[in-house]
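A.B. asks: Sharing a structure here in structure tokens format.
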Amino acid sequence: QEAALQGRFQERVDAEEKIEPRDWMPEGYRRTLVRQISQHAHSEIVGMLPEGNWITRAPTLRRKVALLAKVQDEGGHGLYLYSAAETLGVSRDELVGQLLSGKAKYSSIFNYPTPTWADIGAIGWLVDGAAIMNQVPLCRCSYGPYARAMVRICREESFHQRQGYELMLALAQGTPEQKRMAQDALNRWWWPSLMMFGPSDDQSAHSAQNMAWKIKRFSNDELRQRFVDATVPQAEFLGLTIPDPELRFNAETGHYEFGAIDWTEFNEILKGNGPCNRERIEARRKAWDDGAWVREAAVAHAAKRKQRALK
Ligand code: FAQ
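Numbering of the sequence shown is given in the numbering used here, commencing with residue 73 and proceeding in unit increments.
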């Protein structure tokens, strides 16, 4: 019976039918989706911190409004994604607990510091750029609630990316000091952005199964290559230099070749030893603790309303 259900499930996936919360699904499919969607949600929420650091110090009112809106969008994406994960039978409390205990991962990229205003431009341009490259194919993911959430999220990410690129352009065309700041931010964010796509294909534990289940549509290395191909000309337009002496265009393949990624750095971050890992979790723990009274009040309010409705 289980084998028949598995077969029917794979047929539906192969036929590009969406899988919905009440449909039968293999336990492994459910597990990997909870893992990926919750990691994605955690990334959005933790991802508010590096940029949030600059909201009070944005150089103009216009920049402050844009940054505030962007960080707010990220909070919205996180909540949206937690809801998508909840459709798989896991509670938000449980997911937040996994983040705060260090059991659940979130994107490596959010463990780097944002010491200058140019970092806000680099995050929008590179981090949101990489996020879009990875997330547009997720709009066609086989799991309905995740795919539908990604449509709206990608539209907003696209605005975030433009906001970042425009900020970089303003700096790159500014004073020599501003241009130096932009170059310095590119130097610090380039390699971590490439790591966002995950381990190389031969090291990626989940890729083969996730591709068969049509959760992933392209491999980590394929998406990384697309990102490099799209981003190098953008850096040239800014008049900035990608910090990779081995970067070169291969006219035969039509792709840029690039140097080796430092996977030791990536693995250390995943183990919790990046520059800001502890600070990020500490900030989330404090926010959770500080918000305890809001959760208690909401529960008490809901109970009162329920009682009133019964009368
Ligand atoms: N960081 O076998 P694979 C954003 C883990 S964008 C940390 O290749 P998979 C927007 C992976 O989870 C960022 N961990 O795994 C924003 C697995 O660990 P596990 C979030 C990583 O799932 C912008 C192990 O390594 N985007 O937030 C990373 O097939 C600006 C083996 O890897 C998403 O989450 C990493 N970079 O492929 C917000 C997109 N890479 O669970 C604020 C959805 C890999 O076995 C500001 N996720 N790992 O312990 C995905 O597309 C996939 O999960 C991948 C990884 C591609 C990230």
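Ideal placement from N, C-alpha and C gives every residue a C-beta, glycine not left out.
#1: Between the alpha carbons of A277 and G270, how many angstroms are there, rounded?
#2: Consider the C-beta atom of G119 and the heavy atoms of ligand 1; say whether any pair is separated by less than 7 Å.
#3: At a cut-off of 7 Å, would you count L342 as near ligand 1, judging by its Cβ distance to the nearest heavy atom?
#4: Taking N339 as part of the beta strand (DSSP E), name the residues at either end of that continuous run.
#5: Considering N322, what are the terminal residues of the alpha helix (DSSP H) in which it resides?
#6: Would you call the region 345-357 and the region 282-299 in contact, with 3 or more CB pairs under 8 Å?
#7: From W262 to P93, what distance separates their C-alpha atoms?
#8: Would F330 and E340 qualify as a contact pair, given that the criterion is a beta-carbon distance under 8 Å?
#9: Is the number of C-beta pairs between the region 155-175 and the region 223-236 that are closer than 8 Å three or more?
#10: Nearest to L210 by alpha carbon, out of I109, Y101, R103, K358?
#11: Measure the CB-CB distance between M240 and A194 and report whether it falls below 8 Å.
#12: Mind the definition here: the region 251-267 touches the region 211-222 only if three or more C-beta pairs lie below 8 Å; say whether that holds.
#13: Thinking C-alpha only, which one of I314, I192, R227 is nearest W126?
#14: Can you name, in chain order, every residue of its own chain whose Cβ lies under 6 Å from the Cβ of I181, other than the five neighbours on each side?
#15: Considering only DSSP beta bridges, list what H327 is partnered with.
#16: Per DSSP, which one or two residues make a beta bridge with Y215?
#17: Under 7 Å: does the beta carbon of V240 sit that close to some heavy atom of ligand 1?
C.D. replies: Looking at the coordinates:
#1: 10 Å
#2: yes
#3: yes
#4: Careful: N339 lies outside any beta strand (DSSP E), inside the alpha helix (DSSP H) at 335-342.
#5: Careful: N322 lies outside any alpha helix (DSSP H), inside the beta strand (DSSP E) at 320-322.
#6: no
#7: 38 Å
#8: no
#9: no
#10: I109
#11: yes
#12: no
#13: I192
#14: V199, P264, M268
#15: N322
#16: I91
#17: Here residue 240 is Met; the residue named in the question, Val, does not match the sequence. Not so, every heavy atom of ligand 1 lies at least 7 Å from the Cβ.
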